[in-house]
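Q:
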Amino acid sequence: MNIRLLQKTKTLALLLFFMLLSSATTQAQNTTLAWAKTMGSTGNDISRSVAVDAVGNIYTTGFFAGTVDFDPNAGVANLTSAGSTDIFVSKLDATGNLVWAKVLGGISNDIGYGIAVDASGNVYTTGCFAGTVDFDPNAGTTNLTSAGGYDIFISKLDASGNFVWAKAMGSTSNDIGYGFTVDASANVYTTGVFAGTVDFDPNAGTTNLTSAGNQDIFVSKLEANGNLVWAKAMGSTTNDIGYGIAVDASGNAYTTGGFSATADFDPNAGTNNLTSAGGADIFVSKLDASGNLVWAKAMGRTTNDIGYGIAVDASGNVYTTGSFQGTVDFDPNAGVSNLTSVGGQDIFVHKMSTPAAALNFDGANDYVGVTAPTNLPIGNSNYTIEAWIKPSALGERGIVGWGNWGVDNQCNAFRLSPTGLVNYWWDQDLTVNYAFALNTWYHVACSFDGTTRTIYVNGVVIGSDTPGVHTVTNTNFRIGSTNNAEYFSGGIDEVRIWNRGLPQAEIVNNMNCELAAGQTGLIAYYQFNQGFDNSNNSAITTLTDASGNVNTGTLNNFALNGTTSNWVAPGGVTTGNSCFAYILANTLNFDNNSDYVEVNDNALLDFGANDFTVEYWVNKKNNDVYGGVNKWNTAATAGSNEWGLILREDGASNNKPNFVFESGTTYYACAATTNLNLNTWYHIAGVREGTNLKIYVNGVLENTIPIGNIAVNNAGRSLLINKLFSGNFTGADYEELRIWSRALPQTEIMNNMNCELPAGQTGLVAYYKFNQGIDIANNTTINTLTDSSGNNLNGTLNGFALTGTTSNWKSGSVITSGNTCSPFLSTDNYDFSSKLSVYPNPSSDVFSINSDTRGEIVVYDLIGKIIKSETIDLGITKLDLSNYPRGIYLMKITNDSNQTKTMKLIKQ
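Okay, so the sequence shown: first residue is 2 according to this note's numbering, each after it adds one.
What follows is the structure, given as structure tokens:
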């Protein structure tokens with residue numbers, strides 16, 4: 002895109018546009034000329050922009066060269082440029098008489114491109130300057146110096162033309178302010194072009210924006226004193242320019258200009274790409290008062306088509322003007338509205354209503370109904386319900402619901418309550434308190450994963466429970482109403498129904514954007530991107546389901562005209578802002594400075610002298626002492642009763658895990674034999690079985706020590722992960738932590754250690770899968786470690802950054818999320834005899850007994866005399882009968898569960 006060509010085109014287009022408006026006004030109103038004035042010299046003097054205040058004073062800016070008399074009447078008001086061209090600012094009264102004229106400039110070319118005036122008569126200008134320029138047009142001096150090439154300036158004079166302030170922004174390339182406006186609070190909005198990296202904070206702070214290509218569009222907002230509010234960039238890898246800007250009563254900023262190739266018009270983390278048809282295309286963009294994208298549209302064809310001017314009326318209709326060539330479709334949406342130029346570049350004038358992004362419900366009787374819904378979660382199915390809501394009144398106000406109203410446990414409703422939110426089944430209700438502010442957008446969600454039901458607000462867990470069975474029916478599906486009443490008052494956007502319980506991380510990742518196609522388990526999806534904001538939408542009476550399941554909704558009782566009971570904008574989510582691809586985390590990284598998880602004490606975690614098991618996967622990042630999992634006296638007071646499955650013993654020269662107990666002043670350490678290498682995953686299990694401690698590494702029993710009948714009575718102490726004494730932390734990744742109220746046999750440890758546990762585990766006290774968060778993303782809202790056992794022993798994360806590559810949720814575990822273990826057959830629920838074999842049989846001396854359980858064998862002769870007895874362990878046990886005569890013997894085997902099997906042995 003050639004800037005000089007566009008600048009010339011802009012001048013021509015604006016002149017033609019003003020002529021057209023003048024002609025149209027004359028024909029429509031039969032007006033006569035009031036006055037016309039001229040100012041200039043023998044050189045080139047050009048006015049670029051004009052503004053008018055409430056009493057009819059006219060303000061202009063542009064550039065001039067040499068000496069110019071800026072009094073258009075009999076008087077003389079000469080201004081002389083300091084260099085090639087200087088900026089002028091002129092004020093005439095309503096009858097065309099000069100009030101004042103000012104010059105700003107240095108020895109280089111300096112140009113005023115935009116001018117605006119606020120309610121107090123203060124005058125603001127923007128444009129570009131080079132070198133050093135004094136922006137105080139009177140006796141004072143306020144020099145600004147460009148960084149190189151042309152820099153952007155913004156200047157404020159008072160109603161008398163006195164200097165108030167001036168600001169500069171730029172890089173070593175050419176940076177120019179073109180479009181300019183102020184709002185009712187005297188906030189100053191600018192758009193234009195920049196290249197390279199520019200600090201758009203004109204004061205002491207730093208807000209750097211970097212162009213994606215040669216030149217990008219900028220939009221800047223300063224408050225009345227010249228302090229930065231925000232600055233945003235939009236563009237492609239080629240040349241993109243913002244020429245016009247307007248602002249509505251709500252502070253939404255509308256811009257137009259030209260772009261090439263593919264440009265991202267979401268100035269924040271999202272993506273909203275528009276692609277030009279060729280050459281430069283027209284863009285129209287809307288940002289909200291905080292600089293967030295509301296929408297962006299493109300129009301154009303293979304030649305250069307540019308928007309130069311933009312305006313917005315009180316109803317939110319957006320008007321643009323500029324130039325185009327050839328045949329251009331000026332409907333930026335699915336429709337077609339072709340205009341064809343006569344030849345070369347022609348003028349266009351374009352009006353666009355704001356696309357709606359939400360639906361406003363009146364709270365009296367508005368609702369959306371789906372008469373024959375398909376695939377809704379029914380029975381006792383898992384589900385997630387999501388929506389963005391903007392309540393204008395609180396109370397019992399339905400958001401989404403379906404089922405058999407009035408029958409216990411046969412409906413599923415999500416609604417506001419007078420004090421918060423309720424997910425009710427008409428018997429088993431989860432009610433949470435939350436202080437909603439009126440007329441503010443919130444993301445709300447409720448989910449059920451088959452065990453736990455949870456309510457979220459803005460991605461944060463507000464409450465949960467473990468309800469019983471419900472039997473929801475596939476009927477009476479409504480949005481904006483539940484129980485055939487309970488009508489919602491306010492805006493609703495982005496309603497999603499899923500047939501699975503979404504993890505918190507997925508809710509957080511997707512709540513601020515629109516879903517991509519191909520979502521697993523998405524049953525109904527309503528984006529509400531229909532109709533036009535506050536317009537006559539009487540023809541748009543259905544709500545489209547974007548899931549592909551055709552759960553189309555019918556609008557009931559809506560006015561569909563005006564500011565309420567109608568399609569409205571903005572919504573809770575920016576239209577076109579697509580969710581980015583993500584990887585769910587499956588482990589939690591702890592640093593060695595301050596990271597730990599604390600689970601408040603519960604009677605289920607106090608084992609006394611009873612059996613229990615602790616197991617987890619760990620990947621160490623350093624060799625600090627302790628770490629692991631424990632219920633220990635963190636003050637290191639001797640004489641306590643406590644336990645820990647730690648990663649390294651204090652003072653040890655090795656890196657071997659230990660299962661440690663302390664009772665009174667006696668300390669027991671059951672040390673493994675395996676040294677834990679860094680950056681390697683290990684499964685560690687500690688088992689208290691009767692009077693013994695056992696430790697396993699990767700399913701292998703590495704040590705057993707006796708401890709007697711001691712009790713670890715540590716009630717009142719929290720369960721801690723990665724913290725033993727105060728200040729002792731270890732850098733490590735943790736995964737699949739399980740705590741059991743029984744001693745697991747080796748076979749069960751090995752069966753379950755490489756997979757996730759299925760439901761219905763006997764004696765499972767606490768179970769932490771660590772399948773939370775998004776891999777090394779911003780997970781600051783996910784600060785609770787969820788217990789999947791159903792006992793709600795959730796942990797609180799302490800000290801974590803929850804952003805970046807460490808001290809955060811991440812992927813990389815050895816356990817695949819969703820890979821469920823096959824059922825383990827304990828000695829209580831499988832055929833003991835089918836797991837036992839003896840070979841060779843007959844034998845002349847030694848029999849091999851292969852068993853997957855421990856127990857005892859007793860050998861009898863045929864008259865019932867015991868001739869031999871011994872214990873058997875897992876695997877192969879040798880039974881030597883070489884010293885006994887040939888004949889037939891009976892062998893009785895009794896396992897740990899007192900199951901017995903009698904077998905015949907033949908000694909040859």
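Backbone N, C-alpha and C fix where the C-beta goes; we use that ideal spot for every residue, glycine too.
Would you mind sorting R887 into buried or exposed? The rule is 16 or more other CB atoms within 10 Å of its CB.
A: Exposed, since its Cβ has fewer than 16 Cβ neighbours within 10 Å.
Q: What is the residue span of the alpha helix (DSSP H) that E507 lies within?
A: Run containing E507: Q505 to N511, per the alpha helix (DSSP H) assignment.
Q: My understanding is that T126 touches G115, with C-beta atoms under 8 Å, so please give their C-beta distance in whole angstroms.
A: With 8 Å as the limit, T126 and G115 qualify as a contact, their Cβ atoms being about 7 Å apart.
Q: So, for R1: in the same chain, excluding its five sequence neighbours on each side, which residues have a beta-carbon less than 6 Å away from its beta-carbon?
A: Not covered by the structure: residue 1. The range shown for the chain is 2 to 909.
Q: Pick out whichever of N413, L431, G492 and S342 has its Cα sitting closest to the Cα of N485.
A: Minimum Cα distance to N485 is reached at N413.
Q: With distance defined between alpha-carbon atoms, name the residue in S109, N537, E736 and K222 nearest to W682.
A: Comparing Cα-Cα distances from W682 to each of S109, N537, E736 and K222, the minimum goes to E736.
Q: For I877, which of N659, F848 and G464 has the nearest alpha-carbon?
A: Residue F848 is the option with its Cα nearest to I877.
Q: Which value, in whole angstroms, describes the spacing of the CA atoms of N642 and N714?
A: Between N642 and N714, the C-alpha separation is close to 6 Å.
Q: Please return the same chain residues whose Cβ sits closer than 6 Å to the Cβ of T61, not counting the five positions on each side in sequence.
A: Cβ within range, chain order: S48, V51 and S91.
Q: If you reduce the DSSP assignment to three classes, tell me which class N752 lands in.
A: DSSP places N752 in helix when its eight states are reduced to three.
Q: Note the first and the last residue of the continuous beta strand (DSSP E) segment covering T239.
A: Per DSSP, T239 belongs to no beta strand (DSSP E) and is neither H nor E.
Q: Out of curiosity, what's the CA-to-CA distance linking T26 and Y435?
A: Summary for T26: the model assigns pLDDT 38, below 50, so the residue's position carries little reliability; its value from the coordinates is reported in the next sentence. Using only the alpha carbons, I get a separation of about 56 Å.
Q: Would T355 and T257 qualify as a contact pair, given that the criterion is a beta-carbon distance under 8 Å?
A: It is not a contact, given that the beta carbons lie outside the stated cut-off.
Q: Considering only their Cβ atoms, is the gap separating N693 from I708 smaller than 8 Å?
A: Going by C-beta atoms, I708 is nearer than 8 Å to N693.
Q: Alpha carbon to alpha carbon, how far is L395 from L229?
A: So the alpha carbons of these two residues sit roughly 36 Å apart.
Q: Apart from the five residues on each side of it in sequence, which residues of its chain come closer than 6 Å, Cβ to Cβ, to G399?
A: Closer than 6 Å at the Cβ level, and outside the excluded window around G399, lie R416, S482, T483, E487 and F489.
Q: What beta strand (DSSP E) runs, 3 residues minimum, are completely inside the segment 512-543?
A: You should have 523-527.
Q: Considering only the alpha carbon of each residue, which of V183, G451, S595 and V220 lies closest to V53?
A: Closest option to V53, Cα to Cα, is V183.
Q: Classify S838 as buried or exposed, calling it buried when 16 or more other Cβ atoms lie within 10 Å of its own Cβ.
A: S838 should be labelled exposed.
Q: Are the segment 258-273 and the segment 232-246 touching by the rule of at least three beta carbon pairs closer than 8 Å?
A: The segment 258-273, when compared against the segment 232-246, does touch it at the 8 Å Cβ threshold.
Q: Helix, strand or coil: which one does DSSP assign to Q216?
A: If DSSP states are grouped into helix, strand and coil, Q216 belongs with the strands.
Q: Does the Cβ of W36 have 16 or more other Cβ atoms within 10 Å, making it buried, or fewer, making it exposed?
A: Looking at its Cβ environment, which holds fewer than 16 other Cβ atoms inside 10 Å, W36 is exposed.
Q: Measuring straight from C-alpha to C-alpha, what distance separates F660 and E749?
A: In a straight line, the C-alpha of F660 is about 19 Å away from that of E749.
Q: Residues in its own chain within less than 6 Å of D607 by CB, not counting five upstream and five downstream?
A: Excluding residues within five positions, the ones whose Cβ falls inside 6 Å are A716.
Q: For the segment 240-318, which segments carrying the beta strand (DSSP E) assignment without a break, of at least 3 residues, lie completely within its bounds, in sequence order?
A: With a minimum length of 3 residues, the continuous beta strand (DSSP E) runs that stay inside the segment 240-318 are 242-248, 254-260, 263-265, 274-276, 282-288, 294-300 and 307-313.
Q: May I ask you to report which of helix, strand or coil DSSP gives L422?
A: Correct three-state label for L422: strand.
Q: Do the segment 745-760 and the segment 563-570 touch if we need at least three Cβ pairs shorter than 8 Å?
A: In short, these stretches do not touch, since the Cβ pair count stays below three.
Q: How about I246 and T192: are their beta carbons less than 8 Å apart?
A: Against a cut-off of 8 Å, the Cβ pair of T192 and I246 comes out as a contact.
Q: Excluding five sequence neighbours on each side, which residues of the same chain lie with their C-beta closer than 8 Å to the C-beta of N792?
A: Excluding sequence neighbours, N792 sits near N603, L605, V766 and A767.
Q: In terms of residue numbering, what span does the beta strand (DSSP E) encompassing P1 cover?
A: With the chain covering 2 to 909 only, the question about residue 1 has no answer from this structure.
Q: In chain order, which beta strand (DSSP E) runs of at least 3 residues are fully inside the segment 642-715?
A: The segment 642-715 contains these whole beta strand (DSSP E) runs: 643-647, 659-664, 667-672, 682-690, 693-698 and 701-707.
Q: Please list the terminal residues of the continuous beta strand (DSSP E) segment that includes L758.
A: L758 -> no beta strand (DSSP E), and no H or E assigned at all.
Q: For the putative contact between I480 and L377, defined by C-beta atoms under 8 Å, what is the C-beta separation to the nearest angstrom?
A: The Cβ separation is near 13 Å, so there is no contact.
Q: Leaving aside the five residues before and after A312 along the sequence, list all residues of the same chain whose C-beta is less than 6 Å from its C-beta, in chain order.
A: A247 and Y320, listed in sequence order.
Q: Could you tell me which residues DSSP puts in a beta bridge with E487?
A: DSSP output for E487 lists no bridge partner at all.
Q: Going by beta-carbon coordinates alone, are A686 and E616 separated by less than 8 Å?
A: In this structure, E616 lies closer than 8 Å to A686 by Cβ.
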